[in-house]
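Novice: What follows is a structure written as structure tokens; I'll ask about it next.
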Amino acid sequence: MGYTRVIKSLLLCCVFTFMTTGCWDRKELNEISLISGIAIDKGENKKYKLSAETVNITELSPKTKGGETPSVVYTQEGDTISELVHKMNTGLSRKLILSHMSVVVISEEVAKSSLMEFLDFMDRYREVRNDFNLVVAKGVRAEEILTVLYPFQKISTLKLKVQLNTLQDEWGGDPDVRLKDFIQALVSKGRSPVAVALTVSGTKHIRNSTDIMKHPIPPSLVTVPGMAVFDKEKLVGYLPLEGVRAYLWSQNKLQHTSLSIPCSKDKYINVLVYNSATNVKARGKNDVPHIQLNIKVETILDGTQCGADLSKHSSYEDYEKKAADFIRAEVLASIKKVQKDFGTDIFGFGDRMHLQDPAYFHKVSDRWQEAFQKANIVVNVDARIRRSGLDTKSFLQQLPPR
């Protein structure tokens, strides 16, 4: 009996031990501030200027909102990003939590110098996830991107997150580069990094005012003009939105897009791409890289200004050829532009060469960017129009001649 009683006592102690445990590093919600995004500019007196957007939780709930700003952007200068992250409480009252950060905005000045110090801290810091979007502020200070309010998403950086995801799904204008993607491209011998570019349009003096919520036409808006191109860790230029789409085609990452294709003088057909697949082949021949992209595209005819009779198979064949030629020209022009203007392989053709022709890549790996500039590029496109909407014959055919 005595032995049984001892065992029961020990078990009871174990149960009570588990019931009374807690989290040693716990933080109550009223003691912390969530950082939704940060912006990094060149400092005026120090090396960097860090701007952090903290969420005002009370303004997000209909029961507790009181007409105050939904977020607070605080700015501090310092010589390292680590110093700045831990120094923000010179102006903010609560402990800052970076684990929910969704966007990091980098100014052109910082991007043109070097991102190594910033990336090293972000990669090491235990409270930062590596899945946030890395973006470049084009023509404006990075801080400005965080201060533009928007009626539907009151937190600026959350609006950007939704905006970029939707743009990628609907049109293909965002390369969707996260921290881990950028670092992988940096350490690769056969690829250079890219990042989506953001800018601000509209009236400057009300960008950070809640009055912007009262306008049916937003007087100030953060928009996507294209994509930033890097030569390793330094910004060297930009591609327009069409170049972003071509980039996504080369990566086999284009989900949906809409194409306006000339069918006669000042007239267009519009096709909606709903499925695409890209296969890239790479080999070295006579000391020249040969890259072949084979793109298969399935589309829906959304509209036509040419009025062709779609009950005829020949009309489909004509439109499919025009679509294939249009896609081929767009992709090839973007690759040629990168070869000529930037001379850096953002498409990862070097990585593909490493996999498919390792012997050749081993010979040119130390000078791959130079080899990429003279690479022979071939783009083949197979475009199919699977549906033409509700009508096979356009009412344009029934209009009287003018």
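Going by UniProt numbering, the sequence shown runs without a break in its numbering and finishes at 402.
Glycine included, each C-beta is placed from N, C-alpha and C at the ideal position.
Exposed or buried, what is residue 142 when buried is set at 16 or more other beta-carbons lying within 10 Å of its beta-carbon?
Specialist: The residue given as residue 142 occupies position 142 in the sequence shown. With 16 or more Cβ atoms within 10 Å of its Cβ, residue 142 is classed as buried.
Novice: What does the Cβ neighbour count give for residue 32, buried or exposed, with the cut at 16 atoms within 10 Å?
Specialist: As a working mapping, residue 32 is identified with position 32 in the sequence shown. Classification for residue 32: exposed.
Novice: Look up residue 339 in the DSSP assignment and say whether it is helix, strand or coil.
Specialist: Stepping through the sequence shown from its first residue, residue 339 is reached at position 339. In the structure shown, residue 339 sits in a helix (DSSP, three-state: H, G or I).
Novice: Taking buried to mean at least 16 other C-beta atoms within 10 Å of its own C-beta, is residue 238 buried or exposed?
Specialist: The residue given as residue 238 occupies position 238 in the sequence shown. Buried, by the Cβ-count rule.
Novice: Taking the runs of the alpha helix (DSSP H) that are 4 residues or longer, which of them lie wholly in the segment 57–125?
Specialist: 81–87, 108–113 and 116–124
Novice: Would you kindly work out how many angstroms separate the C-alpha atoms of residue 300 and residue 268, rounded to a whole number?
Specialist: To locate residue 300, count along the sequence shown from 1; it is residue 300. To locate residue 268, count along the sequence shown from 1; it is residue 268. Computed Cα separation, rounded: 14 Å.
Novice: Helix, strand or coil: which one does DSSP assign to residue 263?
Specialist: Indexing the sequence shown from 1 puts residue 263 at position 263. Residue state, collapsed to three classes: strand.
Novice: Across which residues does DSSP place residue 137 in a beta bridge pair?
Specialist: Here residue 137 is taken as the residue at index 137 of the sequence shown, counted from 1. Its beta-bridge partners are 107 and 198.
Novice: Give the range of the alpha helix (DSSP H) segment to which residue 181 is assigned.
Specialist: Here residue 181 refers to the residue found at position 181 of the sequence shown. Residue 181 -> alpha helix (DSSP H) spans 179–187.
Novice: Using the three-state DSSP reduction, which class does residue 290 fall into: helix, strand or coil?
Specialist: Position 290 of the sequence shown holds residue 290. It is a strand residue.
Novice: With a 10 Å radius around its C-beta and 16 neighbouring C-beta atoms as the bar for buried, classify residue 69 as buried or exposed.
Specialist: Here residue 69 refers to the residue found at position 69 of the sequence shown. That one is exposed.
Novice: List the DSSP bridge partners of residue 283.
Specialist: Here residue 283 refers to the residue found at position 283 when the sequence shown is read from its first residue. The partner list for residue 283 (beta bridge, DSSP) reads 290.
Novice: Could you compute how far the alpha carbon of residue 372 sits from the alpha carbon of residue 217?
Specialist: Translated into positions along the sequence shown, residue 372 becomes position 372. Translated into positions along the sequence shown, residue 217 becomes position 217. C-alpha separation (whole angstroms): 45 Å.
Novice: Taking just the CA atoms, how far does residue 190 sit from residue 369?
Specialist: Taking the first residue of the sequence shown as position 1, residue 369 is located at position 369. Taking the first residue of the sequence shown as position 1, residue 190 is located at position 190. Each residue's alpha carbon lies about 8 Å from the other.
Novice: Restricting to Cα atoms, I'd like to know which of 364, 367 and 71 is closest to residue 153.
Specialist: One-based indexing of the sequence shown puts residue 153 at position 153. Nearest of 364, 367 and 71 to residue 153, Cα basis: 71.
Novice: DSSP has residue 38 in a bridge; who is on the other side?
Specialist: Translated into the one-based positions of the sequence shown, residue 38 becomes position 38. BP columns for residue 38 point to 52 and 104.
Novice: Check the C-beta distance from residue 132 over to residue 82 and give it rounded, since I have them as a contact under 8 Å.
Specialist: Here residue 132 is taken as the residue at index 132 of the sequence shown, counted from 1. Here residue 82 is taken as the residue at index 82 of the sequence shown, counted from 1. Distance from residue 132 to residue 82 at the Cβ level is roughly 17 Å; contact not present, criterion being Cβ atoms closer than 8 Å.
Novice: According to DSSP, is residue 15 part of a helix, a strand, or is it coil?
Specialist: In the sequence shown, residue 15 corresponds to position 15, counting from 1. In the structure shown, residue 15 sits in a helix (DSSP, three-state: H, G or I).
Novice: Does the distance from the C-beta atom of residue 304 to that of residue 263 stay below 8 Å?
Specialist: Translated into positions along the sequence shown, residue 304 becomes position 304. Translated into positions along the sequence shown, residue 263 becomes position 263. Yes, Cβ-Cβ distance for residue 304 and residue 263 is below 8 Å.
Novice: If we ignore side chains and look at the alpha-carbon of each, how far apart do residue 338 and residue 244 end up?
Specialist: Reading the sequence shown from its first residue, position 338 is the one you call residue 338. Reading the sequence shown from its first residue, position 244 is the one you call residue 244. Distance between the alpha carbons of residue 338 and residue 244: 12 Å.
Novice: Mapping the DSSP letters down to three states, classify residue 310 as helix, strand or coil.
Specialist: Along the sequence shown, one-based indexing puts residue 310 at 310. For residue 310, the three-state secondary structure derived from DSSP is coil.
Novice: What are the start and end residues of the beta strand (DSSP E) that includes residue 221?
Specialist: For the purposes of this step, residue 221 is taken as residue 221 along the sequence shown, with counting starting at 1. In the DSSP annotation of this structure, the continuous segment of the beta strand (DSSP E) that includes residue 221 starts and ends at 220–231.
Novice: Considering only DSSP beta bridges, list what residue 272 is partnered with.
Specialist: Indexing the sequence shown from 1 puts residue 272 at position 272. Answer by DSSP bridge pairing, in chain order: 258 and 300.
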